[in-house]
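When we follow UniProt numbering, the leftmost residue of the sequence shown carries the number 1, and every step to the right adds one. Glycine included, every Cβ here is placed at the ideal spot set by N, Cα and C.
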Amino acid sequence: MPRGSHAHLQKPSRVAVIGTGLVGSTYAYTLLVEGTADEIVLIDINREKALGDAMDLNHAVPFAKPTEIWAGTMNDVKEADVIVVAAGAAQKPGETRMDLLERNADIVGHIAEEAGRLAPGAVLLVVTNPVDVMSYVAWVHSGFPPERVLGSGTILDTARLRYVLGEDLGIDPRSIHATVLGEHGDTELVAWSRAQIAGTNLLEWPELTKERREDIFAEVRDAAYHIINLKGATYYAIALALARLTETILKDLRTVYSVSAYLRGEYGIHGIYLGIPCVVGREGVVKTIELPLSKEELEALLISERAVRRAIESLGLREPASRQMGLLATAGHEITEELFDTPDFAPGSLKVRGLRNTRRPTPISEIIRRRSRTKALQR
């Protein structure tokens, strides 16, 4: 347990790492090296593994910023500022992330329920795959407002894209502004129409022919499969990505990252989690950013939406209508008694009847237009 050395100061920052597999333990190590948090608690169903990791990390403290690290239980999340869910079955060679669906939904759901009960003020950061679906599962079971539940989403895919482009063009990847959207998985897409270097669109770069862009996308999309086949798992890059997200939450840096966030009409999509650019801060997702996508990119994003939505529906999850009403009211909608036909409904099956937006003059026509476009594509 922590020794209470911070008692005379302001509350120390605490990160709870639930799941000390390769991702969770590497993430904890990264937090220590970066000096991100004052306290790190490791929680795992395999108590001995968590104890061993805590001992090993504590032996590194003399080389790092003073940090309290211990193997704890779910009761230790009570004082946590950020709870990272890294528990669950790992992706094996030949498996897709969606193959992990049922195995991990029960695990994440149970963790989220406990987190919601014990740490109602924390931010829940999900990395368990399939991360977009697991973020939704965590949101439903935690009872948290959706902005305080986010997933790692396409943050790593975006980093991979920028790295590959940097190697290809001979440019520092930090100077490349390109984004991967959608599912963290096989249906993800690159927003090429918005990709830039120093204000110039990458579609205008002669080196990046259509064929080359397709090759780059395939390399980015399939990177995890190659790494898993070579060494069994991916954990270094995602651990650093999680550490960056944790830092921007704890310090309220308001940094833009592509994370799995709850959509309330962005891109014409309602009621699921997908990877999109977001401003991340102390309350989780501070703001979602809606990129002006090309027609082809929007169609690809809607394909990604359907893949995630089908996975959510296959789990039989239902969100109480009363909670959805609260979300709509928060977003500026006035709710009437005619809104819902049934007390519960599947994600995204919102009826526009009885809904009026109190902030914008003509929202219903926009909602109907977007949903009609989605249905037309589904046919």
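**Message:** To test your reading of the DSSP string, which unbroken beta strand (DSSP E) runs of 3 or more residues are found completely within the UniProt domain "Lactate/malate dehydrogenase N-terminal" (14-151)?
**Reply:** The beta strand (DSSP E) runs lying completely inside the UniProt domain "Lactate/malate dehydrogenase N-terminal" (14-151) and spanning 3 residues or more are 14-18, 39-43, 68-71, 82-85, 123-126 and 149-151, given in chain order.
**Asked** For Pro277, which residues does DSSP report across the bridge?
**Response** Along the sequence shown, one-based indexing puts residue 277 at 277. Beta-bridge pairing links Pro277 to Ser258.
**Glu207 - DSSP class collapsed to helix/strand/coil** = Taking the sequence shown and counting its residues from 1, one reaches residue 207 at position 207. Here Glu207 sits in coil by DSSP.
**7 Å Cβ cutoff met for Val23 and Ile216** = Numbered from its first residue, the sequence shown carries residue 23 at position 23. Numbered from its first residue, the sequence shown carries residue 216 at position 216. Contact flag unset, no.
**Message:** Suppose the cutoff is 6 Å on Cβ atoms and the five residues either side in sequence are ignored; what does the same chain contact list for Leu169 look like?
**Reply:** Within the sequence shown, residue 169 is the residue found at index 169, counting from 1. Contacts found: none.
**Message:** For Leu203 and Glu214, what's the separation of their Cα atoms in angstroms?
**Reply:** Translated into positions along the sequence shown, residue 203 becomes position 203. Translated into positions along the sequence shown, residue 214 becomes position 214. Roughly 12 Å between the two C-alpha positions.
**Request:** Select from Arg160, Leu118 and Pro130 the residue whose C-alpha is nearest the C-alpha of Gly143.
**Result:** By one-based count along the sequence shown, residue 143 stands at place 143. Closest in alpha carbon position to Gly143, among Arg160, Leu118 and Pro130, is Leu118.
**Request:** Assign Val149 to buried or exposed, taking buried as 16 or more other Cβ atoms, counted over all protein chains shown, within 10 Å of its Cβ.
**Result:** Within the sequence shown, residue 149 is the residue found at index 149, counting from 1. Buried: at least 16 other Cβ atoms inside 10 Å.
**Item:** Buried versus exposed, by CB contacts within 10 Å (16 or more), Thr73
**Value:** Within the sequence shown, the letter at position 73 stands for residue 73. With fewer than 16 other Cβ atoms within 10 Å, it is exposed.
**Prompt:** Candidates Gly94, Lys92, Met134 and Leu101: which alpha carbon is nearest Ile111's?
**Reply:** Start at 1 with the first residue of the sequence shown, and residue 111 comes out as number 111. Here the closest residue by C-alpha is Met134.
**Message:** Starting from Thr246, trace the alpha helix (DSSP H) in both directions and tell me its first and last residue.
**Reply:** Numbered from its first residue, the sequence shown carries residue 246 at position 246. Thr246 -> alpha helix (DSSP H) spans Tyr236 to Leu250.
**Request:** Give a yes or no on whether the C-beta atoms belonging to Val280 and Thr248 are separated by under 7 Å.
**Result:** One-based indexing of the sequence shown puts residue 280 at position 280. One-based indexing of the sequence shown puts residue 248 at position 248. For Val280 and Thr248, yes; Cβs fall inside 7 Å.
**Prompt:** How big is the Cα-Cα spacing for Asp38 and Ala191?
**Reply:** The count along the sequence shown starts at 1 and reaches residue 38 at position 38. The count along the sequence shown starts at 1 and reaches residue 191 at position 191. If I take the Cα positions, the gap works out to 38 Å.
**Request:** Would you check if there are 3 or more beta carbon pairs closer than 8 Å linking the region 255-274 to the region 224-234?
**Result:** The region 255-274 makes no contact with the region 224-234, as fewer than three CB pairs between them are under 8 Å.
**Prompt:** Under a three-way DSSP split, which group does Ile289 fall into?
**Reply:** Numbered from its first residue, the sequence shown carries residue 289 at position 289. It is coil, neither helix nor strand.
**Prompt:** Thinking just about the alpha-carbon of each residue, which of Val33, Tyr136 and Asp186 is nearest to the one in Ser314?
**Reply:** Within the sequence shown, the letter at position 314 stands for residue 314. When the alpha-carbon of Ser314 is set against those of Val33, Tyr136 and Asp186, the nearest one is in Tyr136.
**Request:** Could you check what DSSP says for Asn357 in three-state terms: helix, strand or coil?
**Result:** Taking the sequence shown and counting its residues from 1, one reaches residue 357 at position 357. With a pLDDT of only 33 at Asn357, under the threshold of 50, the placement of this residue in the model should not be trusted, and no figure is reported.
**Span of the alpha helix (DSSP H) around residue 422** = This structure cannot settle anything about residue 422, because the visible part of the chain is limited to 1 through 379.
**Request:** Give the single residue among Thr128, Trp139 and Leu274 whose Cα lies nearest to the Cα of Pro120.
**Result:** As a position in the sequence shown, residue 120 is number 120, starting the count at 1. Pro120 has its Cα closest to that of Trp139, out of Thr128, Trp139 and Leu274.
**Asked** Taking just the CA atoms, how far does Asp76 sit from Gln10?
**Response** For the purposes of this step, residue 10 is identified with residue 10 of the sequence shown, where counting begins at 1. For the purposes of this step, residue 76 is identified with residue 76 of the sequence shown, where counting begins at 1. The straight-line gap from Cα to Cα measures roughly 18 Å.
**Request:** Identify which residue in Asp81, Thr128, Thr288 and Ser175 has its Cα closest to the Cα of Asp99.
**Result:** Residue numbering aside, residue 99 sits at position 99 when the sequence shown is read from its first letter. Out of Asp81, Thr128, Thr288 and Ser175, Thr128 has the C-alpha closest to the C-alpha of Asp99.
**Request:** State the DSSP-derived secondary structure class of Ile176, mapped to helix, strand or coil.
**Result:** Working through the sequence shown from its first residue, we reach residue 176 at position 176. Ile176: strand per DSSP, three-state reduction.
**Prompt:** Could you give the C-beta distance for Leu274 and Leu263, rounded to a whole number, given that I count them as a contact under 8 Å?
**Reply:** Position 274 of the sequence shown, counting from 1, holds the residue named residue 274. Position 263 of the sequence shown, counting from 1, holds the residue named residue 263. That belief holds up - the Cβ atoms of Leu274 and Leu263 are roughly 6 Å apart, short of 8 Å.
**Item:** Collapsed DSSP secondary structure at Arg309 in the structure displayed
**Value:** What you label residue 309 is simply residue 309 of the sequence shown in a count that begins at 1. If DSSP states are grouped into helix, strand and coil, Arg309 belongs with the helices.
**Asked** Just how far apart, CA to CA, sit Arg221 and Gly94?
**Response** In the sequence shown, residue 221 corresponds to position 221, counting from 1. In the sequence shown, residue 94 corresponds to position 94, counting from 1. Approximately 15 Å between the Cα atoms of the pair.
**Prompt:** Leu156 and Ala241: beta carbons closer than 7 Å?
**Reply:** As a first step, residue 156 must be located in the sequence shown, where it is residue number 156. As a first step, residue 241 must be located in the sequence shown, where it is residue number 241. Closer than 7 Å, so yes.
**Request:** Return the residue from the list Ser25, Val41, Ser13 and Ile18 that minimises the CA-CA distance to Thr234.
**Result:** Within the sequence shown, residue 234 is the residue found at index 234, counting from 1. Selected option, being the one with the closest Cα: Ser25.
**Asked** For Asp341, which of helix, strand or coil comes out of DSSP?
**Response** Walking along the sequence shown from the start, residue 341 turns up at place 341. Low local confidence applies: a pLDDT of 30 at Asp341 is under 50, so the model's placement there is unreliable, with the coordinate-based value given in what follows. Correct three-state label for Asp341: coil.
**Prompt:** Do you know offhand how far Asp44's Cα is from Pro173's?
**Reply:** To locate residue 44, count along the sequence shown from 1; it is residue 44. To locate residue 173, count along the sequence shown from 1; it is residue 173. If you take the alpha carbons of Asp44 and Pro173, they lie about 36 Å apart.
**Request:** For my contact list, Val131 and Leu161 are in at a C-beta cut-off of 8 Å; report their separation, rounded to the angstrom.
**Result:** Along the sequence shown, read from residue 1 onward, the residue named residue 131 stands at position 131. Along the sequence shown, read from residue 1 onward, the residue named residue 161 stands at position 161. Beta-carbon to beta-carbon, Val131 and Leu161 are separated by about 17 Å, too far to satisfy the 8 Å threshold.
**Item:** Euclidean distance between Cα positions of Ala50 and Lys210
**Value:** Position 50 of the sequence shown, counted from the start, is the residue given in the question as residue 50. Position 210 of the sequence shown, counted from the start, is the residue given in the question as residue 210. Going by the C-alpha atoms only, they are around 48 Å apart.
**Request:** Please work out which residues of its chain come closer than 6 Å, Cβ to Cβ, to Ile107, disregarding the five sequence neighbours upstream and downstream, and give them in chain order.
**Result:** As a first step, residue 107 must be located in the sequence shown, where it is residue number 107. Same-chain partners within the cutoff: Ala87 and Gly88.
**Asked** Ordered along the chain, which non-local residues of its own chain (more than five positions away) have a Cβ less than 7 Å from that of Glu79?
**Response** As a first step, residue 79 is located in the sequence shown; it is residue number 79 there, counting from the start. Excluding sequence neighbours, Glu79 sits near Arg14.
**Prompt:** Does DSSP put Gly348 in a helix, a strand or coil?
**Reply:** As a working mapping, residue 348 is identified with position 348 in the sequence shown. Residue confidence for Gly348 is low, a pLDDT of 36 falling below 50, so the modelled location carries little weight; the figure read from the coordinates is stated next. Here Gly348 sits in coil by DSSP.
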